[in-house]
Each structure stands twice: as C-alpha cells, then as structure tokens.
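This report refers to the structure that appears directly beneath it.
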Amino acid sequence: MTNERRSVRSQCPYCGVGCGLEMLSPAQAGQAVRRDAEGNPMWTARGDRQHPSSLGQVCIKGATVGETLALGRLRSPLYREDRTQNFAPISWDAAIQLITQRIQTSLRTKGPNSIAMYGSGQFHTEDYYVAQKLLKGAIGTNNFDANSRLCMSSAVAGYSRSLGSDGPPCSYDDLDHCSVAFLIGTNTAECHPVLFQRLLKRRKRNAGSVKIVVVDPRCTDTAKAADIHLAIAPGSDLALLHGLAHLVLLNGGQDQAFIWDHTDNFDDFSNVVSRWTPSLTAQFCGIPERDLREVADLFHRQESVLSLWSMGVNQRREGTAVVGGLINLHLLTGQIGRQGSGPFSLTGQPNAMGGREAGGLSHLLPGYRVVNDDDHRADVEKAWGFQTGSIAPAPGMAVWDQVEAMERGELDLWWVVATNPLVSLPDLDRVKAAIQRCPMVVVSEAYQASETAYYAHLLLPAAQWSEKSGAMTNSERRVTYCPAFRRRYGESRPDWDVFAEVGRRLGFEHQFSYDSSAEVYEEFTQLTKGRLCDVSGLSHQLLAEDGPQQWPYPAGSTSTTAAKRLYEDHHFATPNGRARFRADRPLGLAEPPCETYPLVLTVGRYLGQWHTMTRTAKVERLNAMHPEPRLEIHPDDAAALSIEDGCLAVISSRRGHLTARAKVTESIRRGSVFLPMHWGFNQIQACEANTLMHEQACPISKQPELKACAVIVAPAVSVVKPIEQNDGMVKALKRLFK
Ligand code: SF4
2 MTNERRSVRS QCPYCGVGCG LEMLSPAQAG QAVRRDAEGN PMWTARGDRQ HPSSLGQVCI
62 KGATVGETLA LGRLRSPLYR EDRTQNFAPI SWDAAIQLIT QRIQTSLRTK GPNSIAMYGS
122 GQFHTEDYYV AQKLLKGAIG TNNFDANSRL CMSSAVAGYS RSLGSDGPPC SYDDLDHCSV
182 AFLIGTNTAE CHPVLFQRLL KRRKRNAGSV KIVVVDPRCT DTAKAADIHL AIAPGSDLAL
242 LHGLAHLVLL NGGQDQAFIW DHTDNFDDFS NVVSRWTPSL TAQFCGIPER DLREVADLFH
302 RQESVLSLWS MGVNQRREGT AVVGGLINLH LLTGQIGRQG SGPFSLTGQP NAMGGREAGG
362 LSHLLPGYRV VNDDDHRADV EKAWGFQTGS IAPAPGMAVW DQVEAMERGE LDLWWVVATN
422 PLVSLPDLDR VKAAIQRCPM VVVSEAYQAS ETAYYAHLLL PAAQWSEKSG AMTNSERRVT
482 YCPAFRRRYG ESRPDWDVFA EVGRRLGFEH QFSYDSSAEV YEEFTQLTKG RLCDVSGLSH
542 QLLAEDGPQQ WPYPAGSTST TAAKRLYEDH HFATPNGRAR FRADRPLGLA EPPCETYPLV
602 LTVGRYLGQW HTMTRTAKVE RLNAMHPEPR LEIHPDDAAA LSIEDGCLAV ISSRRGHLTA
662 RAKVTESIRR GSVFLPMHWG FNQIQACEAN TLMHEQACPI SKQPELKACA VIVAPAVSVV
722 KPIEQNDGMV KALKRLFK
C-alpha cells in the first residue's frame, strides 16, 4: 500500500475548496525519517501543482495536516454499559454484535424510527453511500443526517427550489473570468483561503476592471480587501437582495429575453421586490443608499457577476429564501450558465458535496434523488436489491429532530460518525441533557477525546483520511481520489466497512458483500446514471490514473468533454426546464435583540482552526495563531457596557452564559458581537459559543440559525465557566481513556 519513495496525491481533508495535496515521506522531503507508533513515516504536505482546483496552492491547515494523523488517536473499540463507568476495550466482533442486537431489539419493540445516525462531510463518498444503504434500505428508516445540515442544507434547498436540482452551477475557473465577485455571508479569506487568494490575484492582474463586493456585518479579513463593504445589520440579507433587484428593475437592467425564455414566476417576484425601495432597504440594512445603488449598478452593468456564499447565508431561519433571493438576481440579469458568472455556494466540509450526491441527508437518496418520490425510491430499491416498500416514503429526522427525539426518550440508538455535535449543535446544554436519555450512543471517531465521545457508550476507532481509499467531491463538483497511503492506526477500520458488516449481520449478506471501497464506488456511480450529478464514467482507477474530474461525467466522458459549468444551455433541472423566481418576504432574525438582550451574537471561524479542533488543536503552529477565543465588540458598545480590551467579559443569552476575553475593535458593527465556534469543553480555553445559540431553523432546509442570537455582555467579576468545567469535566474526560 505505502511506497515511501513516491509522493502521493490526494485532496485536502479540511475545507470544501478541496485543494490537491502532494504528500511526501520524510525521505522525499529531505528530512530524517521519523515514524509514528504504527511505523508510519511522518508525511508532510505541499500543494499539488497538477490539481486543477488549486494549482499547487495550499493554506496552513492543509500544509500541516501531516502533523495531525497519529496524535491522540483511538486505538481499539471501547465500551461501557453506563456513563458512570470508565471505558474498557472490547473486540470488534463484540462491538458489532452490540450494535446489531440493539438494532434488532429496537426494530422489534419500537420500530425503525428509534434508530438514527448522524454523519459527516468528512466521510468519503463510499462511507456516505453504504450508510444510506444500511439505514434507508436495510433498517428502513430515513433517519440519516449529516453535519451538512448545519452547513449547506439551505444551499441544497435553494438550488432545488430555483433551478430544479441541487448542484452548484459554477467552477473555480469562473473566479478567473468574473468582473464582479459578490461575496455574501462568507469570510472567504479565512474559511476558503486558497480561493480568496486566487480572486485577489485576478483583481491585481486586472486592476480597475475587477471589483470585490463583500456583504457581512463584520469587517472580516475578506471585507478588508473589498472594494465595497456592505456592513448590513444581521438578518437583513434577504431585504438587501430584494432592494438590489428593485434597483436593477428600476434602471432597466434586467435581461428581458432571458427572463421570458427561461424563467417562471417573474410577476410574483417583481411584486415582492417592488416594496423594497432604495431608501427602505438602506434603512432596514443600516447601510448608505449610495452604496446600495453602486452595487446594484455592478449587477447589471458589468459583464459577469459571480456570487459566492457560505454559512452566513445558509445558517439563517430563512436561509433557503436568502439563497433564492441571490439566485433571483442572477436570473434577473441572465448571469448564470456563462463564463465568470453565476450563484456559487462554497461548501464547508471537504466532501459535503459527495454526501449530497450519495443521498447523505434525511430527505435524500443517491443520485440527487429524494425519498418522497415514488419513482426515486423504486429506482434505489431495485438497484440495492431490497423489496419494494423497503425505503420509507417520508423524510427522516434531521439532526435537531434527532435531538428532540432523544429528549422524548424515543431514540434507542444514536450513532454519531466522524463529527462532534457536542460542540457544533446549537443550545448545547439541551443537547447534553437529551443525549443522556439515549440508552445507546455509538461514536465512530478517529480521535479519542472528542466532546461527543464523553457521552458515548461504545467508541469505534475509525480509519481516517490517508488510511482508507475513497473519493471526495469539492465545491466545484470536482471528484478526487484519495488513496490509502499510511498503515491504519491500531485496530481502526473504514466507516463503510463497519456499516457493511452491520448490514451483513442483519441478514443482508448479498447487499453488503463488498471487497473494497472501489467496489462500493462502482455501485454508487451506476446509481447516478442519467441524473444531473452523473458520475457513471468515473471509477477509482480512472481518477487515480487521469486525476481529478468534474461532474457531470457520464460513461464515455473524457476530461476534455466534461462541461465546466451547469446550465450553459439555459435548460434548468425543473420539469419544464425553466428556472423559477422565488418571491419570499424577509422575516429578519428569529431572535432579534431586545431590552434584556440588546446585542446580536454572531459566530464564525478562524483561519488556523478547523471546526471543533479535533485535528487542528494538535498542531502547535495553528494553536499559536489563535491562542484563545476572543469576543469582538465595538468600542461604543464596550464603553457603554464598561468592557475593557483584554479583560474578561460574560456573554449571556436566554440559554446560558460564557466567559471570553474581550477584543474591542471597530471590525464589528455596533450592536453585534462575535465569537469563534471552535472551542468545546475539552479545550483548556473552553468557550462553547453554540451553548448560547437557539435551535430555530429554516422550515424548508431545517438548517438552524447558528449565525445569530440575542445576548447581553457584562464585565466578568469572576471567571464564569460552564458547569461541566467546574465539575472537572476536562479531567474526567482524560481519565476515561486511560
Ligand atoms: Fe485545505 Fe481548504 Fe486550506 Fe485548501 S483552502 S488547503 S482545502 S483547508
């Protein structure tokens, strides 16, 4: 498997940019050979110049990933009957028997909906695919959800409502051809840094002819580089988009022929935006009217507008509507399916896109199918070899539904795989109480001491990226083969392999008899035939030999025949081929500020940390970049609340309290404060920002509004910490794994 004399090409396992990495053994990197406990050499990463998505570029997280692969790993399955006990090692055979018995008992006593799995965009596509087959096919519940629910489900729903299907229409190549980059709700400089550098280079090379517009309540590093920064009030994004559409129409900037030939529902849309006059919009959003007019002019006077967004748009209780509002602007101006233009979502996780293709949310099936379509279910049941009616016709529980089911005592088995919801979900105290009502929590993890592992009964060691082979799809629909090039840590196994064994033990020997991940991938690709995300021409072998490929890639395709963008013929994926304007009315924040909680807390990410830090906290260089979470607060708010720069402050919402060191800065607008979301209770600098967040979600995408809640900030007279820390939780956690 491992040839230490050759470098290995793969996709970075962090963000959705999906940069190509070239992994070098110490001998190749000219270093003395150092080996980890498993005998693996310590591989180092550099940008892969042959990868078309990143062209050799890499950020500090990707560059340091080699340092994270062997530290703090889970070596063998661990089990405890109840949470008062410490974990003890058990065999894989016994572990899988426990899961199988639990599933069989639950099916007999409570039915399939008492079982749920929560997976991850860290999965390879093969892991996602076998998980769907196990839950939706063999067990008969659609209760599979993934952390894409917290990240991209509003984009999925928004594309589907406006264009007829999920699927980002654009390519990174469009960054090199746009004349305007409109970045809304995305701190691209920190969260998708390689793409942002590509955009800055494009502007530098074409001084004066490329403009960057950033819409964000914070003056992030992205906003600092903008030509125009619209620091809108939190929750006013849909009003802004309607106000821009209003101005485009007022100035006659619409593409009438495109609207006539390729869209529906224009009248309803124009009726809604007619109310968002420039003065009302500017006042509602808290921005100068002249800036609004200038950006509206860019939308219709410039040749090609590329809109980029991520969680600032998606994590809203009206996230799907905001995505629709953004796509409206592109339909209005005909800026879609053309070089350098279009609406383009930037995914958070490295393979959230592959998850969507494989059916990895509770309403989806493989090949961009949905569970509530009779034909789609029949296609999948037939391909999987299950009886008609095996797949339930109603969507399963999204992750917050799973939490509420645990609260009610309805969930018998919660299987969490490759993700850490005890840091990333909102209203964490409620999640902690709910999970304790679940009689069996299984956590499959590469690393041993995650916050979610603290609540597990059964811990399964997962082979991670570099130790298993599989495919990942990045934000521009490019699929990269990620080979196994290191020996697996301890007794760890790939997730797909564990799911398949559970399937076989449940009696579905034939359906789960895979010898390799290549076989799994082959089966998955055949289920995409004729669908928008057709990858029936791809295989592990082709990807390994020909390199990463963009879909659609039907059988018989080659790199040269594959299209760079969707909808170039302006035929959309709706039944009549026409895109649909959306006419949603802005609602604002689910929890607006009030007299008791006068500030809006927004959360986000730092360049050098990744999600809940299970990997990145192991890299000294990254920790040194961000030694602690800081509460950003505007000087006027700080003065009014007696908060001093560098001093501790208490942040309180309706759900709890936190302490963080204040950073008084004009980078945040008055009335808003900011915290990073990375630090869970397992970190020394614990600051569980999502404890403060509410769970209210977009009713269409079910994505929680993790971007805003109402808070009050006060100077800390003593260090207030979460109860768990006071109870010595960090120490307890460490003891558990001894
Ligand atoms: Fe990895 Fe994202 Fe950095 Fe690229 S930009 S190296 S994908 S973390």
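In this note's numbering, the protein residues as written are 2 to 739.
Where a beta carbon is used, it is the ideal one built from N, C-alpha and C, also for glycine.
Starting from residue i and walking both ways along the alpha helix (DSSP H), at which residues does that stretch end?
i, result
"L330", "G320 to L333"
"A224", "D222 to K225"
"G471", "No alpha helix (DSSP H) holds G471; the beta strand (DSSP E) holding it covers G471 to T474."
"P636", "P636 to A641"
"M24", "From DSSP, M24 is part of no alpha helix (DSSP H) but of the beta strand (DSSP E) over G21 to L25."
"I713", "I713 -> not in any alpha helix (DSSP H); beta strand (DSSP E) instead, spanning C710 to P716."
"P462", "No alpha helix (DSSP H) holds P462; the beta strand (DSSP E) holding it covers L459 to P462."
Less than 8 Å between C-beta atoms, sequence neighbours within five positions excluded: which residues of the same chain meet that for residue i?
i, result
"R74", "A447, Y448, Q449, P462, Y490, G491 and S493"
"R219", "N188, A232, T603, G605, E633, S668, I669, R670, S673 and F675"
"Q527", "A384 and S537"
"G729", "Summary for G729: the model assigns pLDDT 48, below 50, so the residue's position carries little reliability; its value from the coordinates is reported in the next sentence. Around G729: no qualifying Cβ."
With residue i as the anchor, note down where its beta strand (DSSP E) starts and where it stops.
i, result
"P344", "G343 to S346"
"W415", "L414 to V418"
"A182", "V181 to I185"
"F675", "S673 to P677"
"R479", "R479 to C483"
"G657", "G657 to V665"
"L600", "L600 to G605"
"L649", "L649 to S654"
Identify, in the order they occur along the chain, each residue of the same chain with its Cβ nearer than 7 Å to the Cβ of residue i, setting aside the five sequence neighbours on each side.
i, result
"D430", "R656, G657 and T692"
"G578", "H572"
"V131", "W497, F500, A501 and V521"
"I724", "Any reading at I724 must be qualified, since the residue scores a pLDDT of 49, below 50, and its modelled position is unreliable; the value itself is stated next. Answer for I724: no residue qualifies."
"S8", "E23, M24, L25 and Q29"
"S163", "G325, I328, A580, R581 and R583"
Does the separation of the CB atoms of residue i and residue j fall below 8 Å?
i, j, result
"P576", "A564", "no"
"W277", "A240", "yes"
"A591", "H511", "no"
"N148", "F582", "no"
"P422", "V400", "yes"
"H627", "Y607", "yes"
"P279", "E290", "yes"
"E689", "V424", "yes"
"L307", "C171", "yes"
"S353", "G21", "It is worth fixing the name first, because residue 353 is Ala in this sequence and not Ser. Not a contact, by the Cβ cut-off of 8 Å."
"Y369", "E382", "no"
"D496", "F124", "yes"
"M312", "K708", "yes"
"E68", "K619", "yes"
"D175", "G17", "no"
"I213", "L200", "yes"
"A711", "P705", "no"
"N114", "T142", "yes"
"G19", "M473", "yes"
"S476", "L659", "no"
If you count every other CB in all the chains shown that lies within 10 Å of the CB of residue i, and 16 or more means buried, which is it?
i, result
"N87", "exposed"
"Q542", "exposed"
"D516", "exposed"
"W416", "buried"
"D374", "exposed"
"N718", "The amino acid occupying residue 718 in the given sequence is Val; Asn does not appear at that position. Burial call: exposed."
"T615", "buried"
"V742", "The chain is shown from 2 up to 739; residue 742 falls before or after that span and cannot be answered."
"G390", "exposed"
"R409", "exposed"
Hey, does residue i have any beta-carbon neighbour from chain B nearer than 8 Å?
i, result
"E468", "Absent from the structure: chain B. Only one protein chain is present."
Here's a check: name, in chain order, each residue in its chain whose Cβ is nearer than 6 Å to the Cβ of residue i, leaving out the five neighbours to either side.
i, result
"P555", "D535, S537 and G538"
"D238", "V323"
"A71", "D37"
"F513", "A501, G504 and R505"
"A640", "none"
"G335", "D256 and F259"
Discussion item. My parser needs the beta strand (DSSP E) runs of 3 or more residues fully inside the region 74 to 160; what are they?
Written reply: At a cut-off of 3 residues, the continuous stretches assigned as beta strand (DSSP E) that sit fully inside the region 74 to 160 are 116 to 120 and 145 to 147.
Worksheet entry | Runs of alpha helix (DSSP H) wholly within the region 399 to 455 (minimum 4 residues, chain order) | Runs found: 400 to 408, 422 to 425 and 429 to 436.
Worksheet entry | Complete runs of the beta strand (DSSP E) confined to the region 193 to 271 [at least 3 residues] | Assignment of beta strand (DSSP E) within the region 193 to 271, counting only whole runs of 3 or more residues, yields 212 to 216 and 229 to 231 in chain order.
Fill in: Runs of alpha helix (DSSP H) lying entirely within the region 531 to 578, each at least 4 residues, in chain order
Entirely contained in the region 531 to 578, the alpha helix (DSSP H) runs reaching 4 residues are, in chain order, 541 to 547.
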